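Written below as structure tokens is the structure these notes are about.
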Amino acid sequence: MTSKQIIASFENRNEFLKLLQANPGLVIMKLGATWCNPCKVIAPVVHAFFASSPQNVICADIDVDESFDLYAVLKQKKMVNGIPVILLFKKGNVSFVPDDSVTGSGPAELDAFFKRCNIHLKSVKNL
């Protein structure tokens, strides 16, 4: 079995919007930074979920310093208020407004978010 490809950066916001247009089911994007300790804390949990996700889930682990244009527009539109944050976009959503999200590194919140991801995935399959 080949390992799941994880997107590491977006050159700009338009590249991200193109990905949303091609979304086969879900796009799940973690925004963080190398200097962010809470981002490091959640990394193993996020990567385990990404690795176990099905083919119709596109995963992205984005460093806000590397993809600042995208982070800036999400911040300007008040979709994010800090890092780490994980955003979920369902197939058909081609806006900067996520269908679900979680901010911070709380284990209970992360667990609840990933459970909701699986529920969202089932709803996408039923479309």
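Note that UniProt numbering has the sequence shown beginning at 1, numbered continuously upward.
Idealized CB from N, CA, C, for every residue including glycine.
On a predicted model such as this, the values are computed, not experimentally measured, just so you know.
Return the chain-ordered list of same chain residues with a C-beta closer than 6 angstroms to the C-beta of residue i, the five sequence neighbours on each side being excluded.
i: Ser67; result: Ser9, Phe10
i: Leu87; result: Met29, Pro98, Ser101
Under a Cβ-count criterion, where at least 16 other Cβ atoms within 10 Å of its own Cβ denotes burial, should residue i be classed as buried or exposed?
i: residue 155; result: With the chain represented from 1 up to 127, any question about residue 155 goes unanswered, as that position is not in the structure.
i: residue 131; result: The requested residue 131 is not part of the displayed model; the chain covers only 1 to 127.
i: Val27; result: buried
List the residues that DSSP assigns as beta-bridge partners of residue i.
i: Ile7; result: Ala60
Among residues of its own chain, excluding the 5 on either side of residue i, which ones have a beta-carbon nearer than 7 angstroms to its beta-carbon?
i: Gln5; result: none
Please work out which residues of its chain come closer than 8 angstroms, Cβ to Cβ, to residue i, disregarding the five sequence neighbours upstream and downstream, and give them in chain order.
i: Met79; result: Leu87, Phe96, Val97, Pro98, Ser101
Note down, one range per segment and in chain order, each alpha helix (DSSP H) of at least 4 residues found wholly within the UniProt domain "Thioredoxin" (12-110). Whole alpha helix (DSSP H) segments, 4+ residues: 13-21, 37-52, 68-76.
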